[in-house]
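Visitor:
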Amino acid sequence: MLSVYLCLHEGLIVAKSSPTYNGDNGTVVGGQNAEPNKWKWQCPNMIWLVAFLSCIGLIGAKPSPPYNGDNGRVVGGQNAEPNKWKWQISLQLGSYEDGYFSHICGGSIIDPFYIMTAAHCIISSNPREYRVVSGEYNMNEDEGSEQFSSVERIIVHPGWTHELGNGNDIALMKLSQPIYDNGYVGIAELPAPDQTLPHNFDLWGTSPPVLQEALLPVVEHSVCSQPEWWGVIALKTMVCAGGDGVLSGCQGDSGGPLNCFTDGAWRVHGVVSYGPAGMCNQYRKPTVFTRVSSFLDWIYSVTRS
1 MLSVYLCLHE
11 GLIVAKSSPT
21 YNGDNGTVVG
31 GQNAEPNKWK
41 WQCPNMIWLV
51 AFLSCIGLIG
61 AKPSPPYNGD
71 NGRVVGGQNA
81 EPNKWKWQIS
91 LQLGSYEDGY
101 FSHICGGSII
111 DPFYIMTAAH
121 CIISSNPREY
131 RVVSGEYNMN
141 EDEGSEQFSS
151 VERIIVHPGW
161 THELGNGNDI
171 ALMKLSQPIY
181 DNGYVGIAEL
191 PAPDQTLPHN
201 FDLWGTSPPV
211 LQEALLPVVE
221 HSVCSQPEWW
231 GVIALKTMVC
241 AGGDGVLSGC
251 QGDSGGPLNC
261 FTDGAWRVHG
271 VVSYGPAGMC
281 NQYRKPTVFT
291 RVSSFLDWIY
301 SVTRS
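Just so you know, full-length UniProt numbering puts 226 at position 226 of the sequence shown, and the rest follows in order with no gaps.
#1: Following the continuous alpha helix (DSSP H) through Thr303, name the residue where it begins and the one where it ends.
#2: Do Leu164 and His120 have their CB atoms nearer than 8 Å?
#3: Among Arg291, Val268, Ser95, which has the Cα closest to the Cα of Gln88?
#4: Straight-line CA distance for Gly275 to Tyr180?
#5: Output the distance between the C-alpha atoms of Thr287 and Pro158, rounded to the nearest integer angstrom.
#6: From this set, Val232, Glu189, Thr262, which residue's C-alpha is nearest Tyr300's C-alpha?
#7: What residues match up with Lys86 in a beta bridge as DSSP calls it?
#8: For Met173, which residues in the same chain have their Cβ closer than 6 Å to its Cβ, ignoring the five residues on either side in sequence?
#9: Give every residue of the same chain whose Cβ lies closer than 7 Å to the Cβ of Ala234, excluding the five residues on either side of it in the sequence, and list them in chain order.
#10: Looking only at DSSP bridge pairs, what is Trp266 linked to?
#11: Which of helix, strand or coil does DSSP assign to Gly231?
#12: Taking a contact to mean a Cβ-Cβ separation below 8 Å, would you say Leu93 touches Glu146 in this structure?
#13: List the residues that DSSP assigns as beta-bridge partners of Thr237.
#14: What residue does the alpha helix (DSSP H) around Cys224 start on, and which one ends it?
#15: Tell me, please, which residues DSSP counts as bridged to Ala171.
#16: Please go through the same chain and pick out, in chain order, the residues whose beta-carbon is closer than 6 Å to the beta-carbon of Phe295, but skip the five residues on each side of it.
#17: Between which two residues does the beta strand (DSSP E) harbouring Thr161 extend?
#18: In chain order, what residues of the same chain lie with their CB nearer than 6 Å to the CB of Val302, ignoring the 5 residues before and after it?
#19: If the criterion is Cβ atoms closer than 8 Å, does the pair Gly107 and Gly264 meet it?
#20: Return helix, strand or coil for Val218, following the three-state DSSP convention.
#21: Give the DSSP-derived three-state secondary structure of Glu97 in the structure shown.
#22: Taking Thr290 as the reference, which of Ile187, Trp160, Val185 has the closest Cα?
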C-alpha cells in the first residue's frame with residue numbers, strides 16, 4: 001500500500017512501489033488520489049503498534065480541503081501534484097535472482113547514497129534482499145520515471161529494541177549506487193537540531209495505487225502522552241498526528257516521511273513508526289512518528305563518515 005503524510009507547516013513526502021508491488025489491501029482512512037511524481041523521496045510502508053508491515057507514506061504541505069470523513073475515505077480531498085515530493089521512495093523486499101520484489105515500507109532520500117526509513121521495516125539483515133524505488137507515482141504502472149537501486153549496507157539505530165514503544169525506530173540504508181537527478185527525484189531537507197514544530201499544523205496521508213492525500217491534526221506531546229491517549233509510550237522523541245476518530249493513516253507506509261514547512265522550506269520532521277491495532281481511525285490513538293530532530297547527530301555520523 002502506498003501512503004503519504006503531510007504537515008501543513010513543514011513538508012510532505014510520498015512513496016510508491018514498483019510494478020511488481022503486491023502489498024495488502026490496506027487503505028488510508030480519509031485519503032484521495034495524489035498527483036503523479038509528487039512524493040519522490042518517500043518509501044512506502046507502515047506498521048501499527050501490533051506490528052504488521054504495510055505501506056505508509058509521505059508527508060507534504062498544502063491548504064487543507066473540507067473533510068467529512070466517512071466510509072473510510074477522505075471527502076473533499078484532492079490529487080497530489082505530480083513531481084512535487086521528490087524524496088519519497090518505496091522500500092521493497094524480494095530476490096534479484098527471481099526478479100520479484102514486493103513493497104514493504106516507505107522512506108526518504110536524505111543523500112544520493114542514503115535512505116531514511118523506520119527500524120521496524122528492516123525485517124531481514126541481508127542488504128541483497130532489498131531494493132529502493134524512487135521517482136514512483138502509480139505502483140501499478142511503469143511510468144519511466146522510476147530508478148531502481150540495490151542496497152549495500154543497513155544501519156539500524158543502536159537504541160532500537162524491536163519494541164515500538166521504546167522509540168529509536170529509525171534506520172538508514174546505504175545504496176550501492178547514488179540516486180541521480182532525472183527530474184523526478186530529489187534530496188529531502190532535514191530540520192535543524194533546535195527546530196521545533198508548530199503547535200498547530202496538519203498532515204496529509206495517501207494510499208495506493210495512485211498517491212492520495214488526507215489531512216490529519218498534529219497532537220502535542222503533552223496531550224499524546226496522557227494515559228487516555230498513548231501514555232508513557234509516547235516519548236518526546238516522537239511526533240503524534242491524528243486521533244480524532246475520523247481521519248487517520250491506515251495500513252500505510254511505515255518508514256515514510258512527515259514533512260513540514262519550516263523556515264521557508266519543506267523538511268522531513270518525522271518517520272512513520274506506529275498506530276493503533278484493529279480499527280485504524282481510533283479516537284485518541286494518533287499515528288506516531290519518530291522525531292527526526294532527535295536523531296540528527298546519529299544520522300550525520302553515519303552519512304558523513
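Glycine is no exception: its CB is placed at the ideal position from the N, C-alpha and C atoms.
Bear in mind that the values here come from a model prediction, so they are computed numbers and not experimental data.
Guide: With the given structure in hand:
#1: Per DSSP, the unbroken alpha helix (DSSP H) holding Thr303 starts and ends at 296-303.
#2: yes
#3: Measuring from the Cα of Gln88, the nearest candidate turns out to be Val268.
#4: 34 Å
#5: Thr287 and Pro158: Cα-Cα distance of roughly 23 Å.
#6: Glu189
#7: Answer is none; Lys86 lacks a bridge partner.
#8: Short of 6 Å from the beta carbon of Met173, and not among the five residues preceding or following it, lie these beta carbons of its own chain, in chain order: Ile115, Val151, Ile154.
#9: His221, Cys224, Ser225, Cys240, Val288
#10: Phe261
#11: Here DSSP, grouped into helix, strand and coil, assigns Gly231 to helix.
#12: no
#13: Bridge partners of Thr237: none, in fact.
#14: 221-224
#15: Thr117, Val156
#16: Ile170
#17: Neither: Thr161 is in no beta strand (DSSP E) and is coded neither H nor E.
#18: Ile155, Leu172
#19: no
#20: strand
#21: coil
#22: Trp160
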